[in-house]
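Residue numbers (my numbering): 1 to 111.
Following this line, the structure appears as structure tokens:
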């Protein structure tokens with residue numbers, strides 16, 4: 001289980017095996033901890049984030065995984081420590097309900 005996900009939106013689906021998200025390295029981090037991808041879509045084991053630009057993520061789909069343009073998905077990033085520092089706040093959720101919003105106290109404190 002992973003305690004952190006990033007909410008992203010499918011913005012393009014150019015082929016049956018590829019989709020584009022509105023979350024790139026500025027939201028997911030390019031740090032893979034040595035893993036071959038940048039993350040996976042929660043609840044979709046056949047959907048992996050295999051490429052990043054600054055603003056977009058490329059998802060490779062297999063195992064019959066399907067996405068729709070406009071669909072919101074949760075990405076499990078490879079390195080949650082780095083990802084957390086990319087945001088000003090985090091939302092604690094239970095299912096689809098936001099329980100609390102907390103500031104990221106260390107945001108901008110590195111360096």
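Glycine included, every Cβ here is placed at the ideal spot set by N, Cα and C.
inquiry  = Nearest by alpha-carbon distance to residue 26: which of 109, 88 and 70 is it?
reply    = 88
> Taking only beta-carbon atoms, is residue 39 less than 8 Å away from chain D?
Replying inline: Of the chains in the structure shown, none is chain D; there is only one protein chain.
With a threshold of 8 Å, are at least 3 pairs of Cβ atoms found where one atom belongs to the region 86 to 103 and the other to the region 31 to 41? no
Please check the pair residue 57 and residue 102, which I expect to be a contact at CB under 8 Å, by giving their CB distance rounded to whole angstroms. With a Cβ gap of about 25 Å, residue 57 and residue 102 do not count as contacting.
Handout entry: Neighbour-count burial assignment, residue 24, 16 or more Cβ in a 10 Å radius
Key = buried
**Prompt:** With distances taken between CB atoms, is the gap from residue 7 to residue 83 smaller than 8 Å?
**Reply:** no
Review point. Under three-state DSSP, which class holds residue 67?
Key: coil
Helix, strand or coil for residue 26 per DSSP? helix
Checklist line | For residue 84, the first and last residue of its enclosing alpha helix (DSSP H) | finding: 80 to 84
* Would you grab the beta carbon distance between residue 41 and residue 59 for me? Rounded to a whole angstrom, and I think it's under 8 Å. => 7 Å
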